[in-house]
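Chemist: Residue numbers (this note's numbering), protein chains in the order written: chain A, 1 to 112; chain B, 113 to 228. The structure that follows is given in the form of structure tokens.
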């Protein structure tokens with residue numbers, strides 16, 4: 001079945017780059033996403049990538065997709081304390097349901 | 113941008129009572145709405161998908177009679193937790209699409225349900 005896996009925790013120092021990794025199993029994924037969730041809040045879409053793309057950059061965010069290995073990563077450049085949150089990787093399959101499958105979430109801790 | 117609201121943002125209820133949570137798309141018509149459940153420090157699990165005017169499609173393992181979903185209009189979906197028990201305590205999040213097969217789902221801020 002469909003499955004999305006992430007490492008659970010990442011700690012970096014302010015100003016460093018953060019790289020959050022994700023693997024997925026559905027080879028028919030159409031879109032892959034990165035969402036940010038702050039404590040007690042809903043999800044904020046950070047960025048997404050279409051499955052026929054290898055890379056997408058948006059300001060401090062860079063998404064890399066290795067479709068062969070079914071590996072997705074999110075790089076945050078110049079990480080700030082305000083970036084501390086839980087980051088969820090998600091994929092949308094090729095079915096017409098619109099269903100998103102989420103990873104477990106990676107808690108990013110940014111130390112000053 | 114597209115905004116989805118949820119009401120209430122948090123609710124405490126007694127065991128055995130029912131609780132209704134509303135999800136509204138404020139500035140767009142939602143062709144499809146989704147209900148997720150999130151346990152502390154865990155991922156979001158899709159509970160059901162609802163389309164306006166039709167019955168919700170529930171994910172495997174989700175009790176239809178316990179989690180009643182009504183999608184009465186293109187801007188409102190409700191989730192009613194019937195005969196709530198402490199194990200139903202969770203964070204419930206809805207999302208909505210503004211068109212079929214859209215790449216983006218717009219998420220509400222979530223509703224924290226605590227059953228005592």
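In this text, a Cβ means the ideal position worked out from N, Cα and C, and glycines have one as well.
Using a Cβ cut-off of 8 Å, pull out every chain B residue sitting near residue 85 (chain A), in sequence order please.
Modeler: Per Cβ cutoff of 8 Å: no residues; residue 85 (chain A) is ~13 Å from chain B at best.
Chemist: Helix, strand or coil for residue 199 (chain B)? Go by DSSP, reduced to three states.
Modeler: Of the three classes helix, strand and coil, the one that applies to residue 199 (chain B) here is helix, per DSSP.
Chemist: Using Cβ-Cβ distances below 9 Å, what residues of the region 148-165 of chain B are close to chain A?
Modeler: Answer set for the region 148-165 of chain B: 148, 150, 153, 154, 155, 156, 157, 158, 161.
Chemist: At the 8 Å Cβ level, is residue 88 (chain A) part of the contact set with chain B, yes or no?
Modeler: Chain B contact via Cβ: present.
Chemist: Going by other Cβ atoms of all chains shown within 10 Å of its Cβ, with 16 needed for buried, is residue 137 (chain B) buried or exposed?
Modeler: Buried is the call here.
Chemist: At 3 residues or longer, what runs of the beta strand (DSSP E) sit wholly inside the region 71-97 of chain A?
Modeler: Fully enclosed beta strand (DSSP E) runs of 3 or longer: 71-76, 85-92.
Chemist: Counting only Cβ-Cβ distances shorter than 9 Å, please list the residues of the region 29-56 of chain A near chain B, keeping chain order.
Modeler: Correct list: 30, 31, 33, 35, 37, 40, 41, 42, 43, 44, 45, 48, 50.
Chemist: Which residues in the same chain as residue 209 (chain B) place their Cβ atom closer than 7 Å to its Cβ, once the five residues preceding and following it in sequence are excluded?
Modeler: Excluding positions up to five away in sequence, the list reads 142, 143, 144, 217.
Chemist: Suppose the cutoff is 6 Å on Cβ atoms and the five residues either side in sequence are ignored; what does the same chain contact list for residue 160 (chain A) look like?
Modeler: Outside the shown range of chain A, which is 1 to 112, sits residue 160 (chain A), and nothing can be said about it.
Chemist: Using 7 Å as the cut-off, classify the Cβ of residue 146 (chain B) as near or not near the heavy atoms of the ligand COA, replying yes or no.
Modeler: Absence of the ligand COA from the depicted structure is noted, as is the absence of any ligand whatsoever, leaving it without description.
Chemist: Using a Cβ-Cβ cut-off of 8 Å, state whether residue 215 (chain B) counts as contacting chain A.
Modeler: Yes, contact with chain A.
Chemist: Using a Cβ cut-off of 9 Å, which residues of the region 216-228 of chain B contact any Cβ in chain A, in chain order?
Modeler: The region 216-228 of chain B vs chain A, Cβ under 9 Å: 216, 217, 218, 219, 220, 221, 222, 224.
Chemist: Which first and last residues belong to the beta strand (DSSP E) in which residue 182 (chain B) is found?
Modeler: 179-185 is the extent of the beta strand (DSSP E) around residue 182 (chain B).
Chemist: Helix, strand or coil: how does DSSP classify residue 25 (chain A) here?
Modeler: DSSP places residue 25 (chain A) in coil when its eight states are reduced to three.
Chemist: Expressed to the nearest angstrom, what Euclidean distance is found between the alpha-carbon atoms of residue 15 (chain A) and residue 83 (chain A)?
Modeler: Roughly 11 Å between the two C-alpha positions.
Chemist: Is the region 199-207 of chain B touching the region 102-112 of chain A in the sense that three or more CB pairs, one from each, lie closer than 8 Å?
Modeler: Segments in contact, no.
Chemist: For the region 96-109 of chain A, which residues have a CB atom closer than 9 Å to at least one CB atom of chain B, in sequence order?
Modeler: Residues 96, 97, 98, 99, 100, 101, 102, 103, 104, 105, 107.
Chemist: Buried or exposed for residue 162 (chain B), please, with buried defined as at least 16 other CB atoms from any protein chain shown within 10 angstroms of its CB.
Modeler: By the 10 Å Cβ count, residue 162 (chain B) comes out buried.
Chemist: So, for residue 198 (chain B): in the same chain, excluding its five sequence neighbours on each side, which residues have a beta-carbon less than 6 Å away from its beta-carbon?
Modeler: Answer for residue 198 (chain B): 227, listed in chain order.
Chemist: Do residue 276 (chain B) and residue 220 (chain B) have their C-beta atoms closer together than 8 Å?
Modeler: As displayed, chain B neither begins before 113 nor continues past 228, which places residue 276 (chain B) out of reach and without an answer.
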